[in-house]
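2 protein chains.
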Amino acid sequence: MQRIVEFESIERFDHRTGVLVCGFGGAGASAALEARRAGAAVMVLERFSGGGGSTMLSACEMYLGGNGGTRLQRELGIEDSSENFYNYLMACFGEYADEARVRAYVDGAAEHFDWVEGLGVPYKRGFFAGRDVVALTGDSLQYTGNERSFPFSQIATPVPRGHLPADSGHDGGKTLMSVLLKRVAESGTDIRHDARVNALLRDRGGRIRGVVARIDNRNVHILATQGVILATGGFIMNEEMTRRHIPEYASYCTRHGNPGDTGDGIQLGIAAGGHAINMGQAFVGVAHYPPAQLTCGIFVNEQGQRFINEDIYLSRLGHFASVQTNHRIFLFIDNEHFSRPDYHETTRIVAVGETVAEVEQEAGLPPGSLAQTVDYYNRHAASGEDPLFHKAREWLKPITTAPFALVDWSLDTLKPTCFTLGGLDTLPTGEVLTADRDVIPGLYAAGRTAAGIPRTAAGYASGMSVGDATFFGRMAGRQAAAHP
Amino acid sequence: MQRIVEFESIERFDHRTGVLVCGFGGAGASAALEARRAGAAVMVLERFSGGGGSTMLSACEMYLGGNGGTRLQRELGIEDSSENFYNYLMACFGEYADEARVRAYVDGAAEHFDWVEGLGVPYKRGFFAGRDVVALTGDSLQYTGNERSFPFSQIATPVPRGHLPADSGHDGGKTLMSVLLKRVAESGTDIRHDARVNALLRDRGGRIRGVVARIDNRNVHILATQGVILATGGFIMNEEMTRRHIPEYASYCTRHGNPGDTGDGIQLGIAAGGHAINMGQAFVGVAHYPPAQLTCGIFVNEQGQRFINEDIYLSRLGHFASVQTNHRIFLFIDNEHFSRPDYHETTRIVAVGETVAEVEQEAGLPPGSLAQTVDYYNRHAASGEDPLFHKAREWLKPITTAPFALVDWSLDTLKPTCFTLGGLDTLPTGEVLTADRDVIPGLYAAGRTAAGIPRTAAGYASGMSVGDATFFGRMAGRQAAAHP
Chain P
8 MQRIVEFESI ERFDHRTGVL VCGFGGAGAS AALEARRAGA AVMVLERFSG GGGSTMLSAC
68 EMYLGGNGGT RLQRELGIED SSENFYNYLM ACFGEYADEA RVRAYVDGAA EHFDWVEGLG
128 VPYKRGFFAG RDVVALTGDS LQYTGNERSF PFSQIATPVP RGHLPADSGH DGGKTLMSVL
188 LKRVAESGTD IRHDARVNAL LRDRGGRIRG VVARIDNRNV HILATQGVIL ATGGFIMNEE
248 MTRRHIPEYA SYCTRHGNPG DTGDGIQLGI AAGGHAINMG QAFVGVAHYP PAQLTCGIFV
308 NEQGQRFINE DIYLSRLGHF ASVQTNHRIF LFIDNEHFSR PDYHETTRIV AVGETVAEVE
368 QEAGLPPGSL AQTVDYYNRH AASGEDPLFH KAREWLKPIT TAPFALVDWS LDTLKPTCFT
428 LGGLDTLPTG EVLTADRDVI PGLYAAGRTA AGIPRTAAGY ASGMSVGDAT FFGRMAGRQA
488 AAHP
Chain W
8 MQRIVEFESI ERFDHRTGVL VCGFGGAGAS AALEARRAGA AVMVLERFSG GGGSTMLSAC
68 EMYLGGNGGT RLQRELGIED SSENFYNYLM ACFGEYADEA RVRAYVDGAA EHFDWVEGLG
128 VPYKRGFFAG RDVVALTGDS LQYTGNERSF PFSQIATPVP RGHLPADSGH DGGKTLMSVL
188 LKRVAESGTD IRHDARVNAL LRDRGGRIRG VVARIDNRNV HILATQGVIL ATGGFIMNEE
248 MTRRHIPEYA SYCTRHGNPG DTGDGIQLGI AAGGHAINMG QAFVGVAHYP PAQLTCGIFV
308 NEQGQRFINE DIYLSRLGHF ASVQTNHRIF LFIDNEHFSR PDYHETTRIV AVGETVAEVE
368 QEAGLPPGSL AQTVDYYNRH AASGEDPLFH KAREWLKPIT TAPFALVDWS LDTLKPTCFT
428 LGGLDTLPTG EVLTADRDVI PGLYAAGRTA AGIPRTAAGY ASGMSVGDAT FFGRMAGRQA
488 AAHP
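Chains P and W supply the protein sequences, listed in that same order. Numbered according to our numbering, the first sequence spans residues 8 to 491. Numbered according to our numbering, the second sequence spans residues 8 to 491.
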């Protein structure tokens, strides 16, 4: 497929705009609105018949804080310094973190909350303190990551930063996007649906000057005098790309996103000489809660050994599960805490017994391995300690109430949800970079078309995708609109 | 930096050739020689004042077999079916494997040995059966990977495939390259040293037609009528690229290769719209042998737990070390088997004691953790079993001869050698692919500028880099020369 067309070869343009946004999900809509508010003529091309993207499918948590706290945090009596927020994010992603991007996000996240609320998205002044992926109480603030678990709790003061539209539960994405799409429509942006961008127009000087799109079954040439913003999502729905970049995840995952997450924007950016980075990383959702009581069980691998503190966020469990032998892990739990997990229907009880030894034998684990692990765990849990992995005291209860069960949470059978965390290397302004880190003039990316704040499953928290997509979508919109 | 220059803008060419090879290491020299033998006019540009590349720095093992066995294998009475060879390679790389590439390699590897030997590289008909990284006996055949260890030994019949120039020890690269460079020089290839390629010439139709190079301190335009082959090595010496693609490895590794491994060819390929894949993978060399007796120790992590069968190849240990908490691992060993490792000077004895408990306490491991691990290991080793990780019986000896030592092999302190395993996506012919898997006409890549046979440290074996680089260098040379 010809992804780059010579600008000078185009004799006639079907449309002309200032800022052209490709993709009408959270990132694209935020980019369009900000560019429009900055005074640019804006056109949006959306591949499907309606906007919303993968943001619409999400619960729309946004991971926000800093500057003393967002308005929501502060009104709930929660303080969040920028330093604490920064330290937490840097601990989450370590060497993978893009420091400049993290800094920009920390500096602007509190204002970003005001922007979102100012659109008309409702937030309820209620704090849910429990352990759940999405608060179902209607409250708008909750913990969504590893803040309260080791080692993060030792590095940064735990602060809840998950901001959730009021009373929306899992449907927060609809709450946000219905408002955001409306604001874009009201802003005078030219929105085209059923319009897929197929190629970028590049002039001989190397500047991106527009696109070739397929609209109404014909090729349309669109001139963009200020810039083209790629915001078409990630590539989790692209078989070929996932096989190349995240082959292990691709072999067992449930692909999570909308059908348009086929990497169009990333492919266009690559064709233009853009540098795709972090392409081997993905979110892997192994939701071992709710119910929270499952956190009192222990996860073991094929060797019958523990490998993680079980009070961590779901994708951190996913990451550590993915590096165990054959991606196989099992939950060992007693009758007092046993329950089926809310989010997975494919867990299978491997063995049940009145003693640990019975379970171990029935499951075919190495002889004595599980018994030894449980014995060690129980001995220390009785005194509120977890010398191996430092699970928080709240979840440390000796596993002693027979019968006991071993439940298969292996990734091959669990088929956890995955989405991609790699994309085009960009400046915080959204400007797309080459492998030399030179800017490609006229080209921007945001949302999962770019490599964003979240860079590994090990450090991910709910709210980092939508927070990043909308925040850096706005940055890209403003930057493109500033071009004369 | 301007990496792509419009072909049509060039008014005068300083040189003209058929096949232009960038880089004069193992891949580039092989490509040049094959292209020349196929009748093409060939020019080589080498950045440094002499050829050899990273191949010259290696021991020049080549991982070869199949078709019943190479001439060397057969003359040593060793049979190696293509199916067995294929099964082994596929087991090594699993979902990461490029099946078409593996197939082409397996089909051609035995002939490749004849080609190399035909150049004049000496091979000694001797088989070294011991456990060492590079045979120092002068023999030319040895095991170099995970063939004899679990789970590989269960999947494919163990066969030695490491082919080493005779009597060369660690200097096999010099043996090979001195001959290969000579053959290229004799072939009538136009070789230019101190010549660095900075940009590709692309015509309006998208074909690569030549390069802009820096020779004798001036920009030179070179027309290549048949094709440009990028063979400039990997990117382990590029700070910025390693920080983006292998940030964890980059934080602790010793960069292994020649100073020219700065990713020039990969950057040029990306600028041309090429798709870089597998960029997050690297070789991590944690050489826990020789001496082989160290294999009788056990490696434990911060939790005092084992995590691997210790009889594996060095980079498989590196891979599993890299996914342990804080990349920290320790060798526990008794007085009978203790020795300093030949390849690492930075290991540090953390604790010594007359009992396991003493060592555990002195090292600050979680109380009882190491004692439990050693007890379990010893109990089963006594009967020749390793129920957790299936280390081969040969290395299973109860660790009982006091005093005992715990030696720090953590990656931060060990600083293992690393080199990159990612590069441009290519067909087995070397043709560079876009993210849509379309061929970029006129552009080829080989060696570590391309993503090759070895795709993960977990499945790597010595000989897979030089084997791949020279083999697929030849393929690229032939393919480019076939262009009219």
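C-beta atoms are modelled at their ideal positions from N, C-alpha and C, and glycine is treated no differently. Owing to the predicted nature of the structure, the values given are computational and were not obtained by experimental measurement.
Beta-bridge partners of residue i, as assigned by DSSP
i      : result
Y70/P  : G169/P
E438/P : Y451/P
R221/W : R203/W, N226/W
E13/P  : R209/P
T24/P  : A231/P
V49/W  : V26/W
N308/W : I336/W
G360/W : F411/W
T261/P : T424/P
D178/W : DSSP output for D178/W lists no bridge partner at all.
Within-9 Å CB hit, residue i to chain W
i      : result
Q288/P : yes
S258/P : yes
E13/P  : yes
M471/P : no
P373/P : yes
A283/P : yes
E247/P : yes
G480/P : no
Y70/P  : no
H16/P  : Contrary to the premise, residue 16/P reads as Ser rather than His in this sequence. Yes - at least one Cβ of chain W is within 9 Å of the one on S16/P.
Burial state of residue i, where buried means 16 or more other Cβ atoms lie within 10 Å
i      : result
I162/P : exposed
G454/P : buried
G72/W  : buried
P410/W : exposed
P373/W : buried
I356/P : exposed
N285/P : buried
E317/P : buried
Q379/W : buried
K398/W : buried
M244/W : buried
M50/W  : buried
Q310/W : buried
T427/W : buried
M184/W : buried
S56/P  : exposed
Closer than 7 Å at the beta carbon, the chain W residues around residue i
i      : result
Y103/P : P254
D432/P : R251
I336/P : Residues of chain W passing the Cβ test: none, with the nearest at roughly 14 Å.
C-beta neighbour in chain P for residue i, strict 9 Å
i      : result
G270/W : yes
Y93/W  : no
R211/W : yes
S175/W : no
S346/W : no
Q379/W : yes
Partners in chain P for residue i, counting only beta-carbon separations shorter than 9 Å
i      : result
T441/W : M8, R10, Q274, I277, A278
Q368/W : Near Q368/W there are no residues of chain P at all, since even the closest Cβ is about 13 Å away, more than 9 Å.
Interface partners of residue i on chain W, CB under 8 Å
i      : result
V330/P : V330
Listed by chain order, chain P residues near residue i by CB distance under 8 Å
i      : result
D445/W : M8
Neighbour list for residue i in chain W, Cβ cutoff strictly below 9 Å
i      : result
Q310/P : Q312, R313, F314, P394, L395, F396
S376/P : Y383, P394, L395
Which runs of the alpha helix (DSSP H) spanning at least 4 residues fall entirely within the segment 268–304 of chain P, listed in chain order? Within the segment 268–304 of chain P, the runs of alpha helix (DSSP H) that reach at least 4 residues and sit entirely inside it are, in chain order, 271–278.
Let me know the alpha helix (DSSP H) ranges lying completely inside the segment 374–430 of chain P, each 4 residues or longer, listed in chain order. Counting whole runs of 4 or more residues, the segment 374–430 of chain P contains the alpha helix (DSSP H) stretches 376–388, 418–421.
Please go through the segment 52–127 of chain W and give each complete alpha helix (DSSP H) segment of 4 or more residues, from N-terminal end onward. As far as the segment 52–127 of chain W is concerned, its whole alpha helix (DSSP H) runs of at least 4 residues are 60–64, 78–82, 89–100, 106–126.
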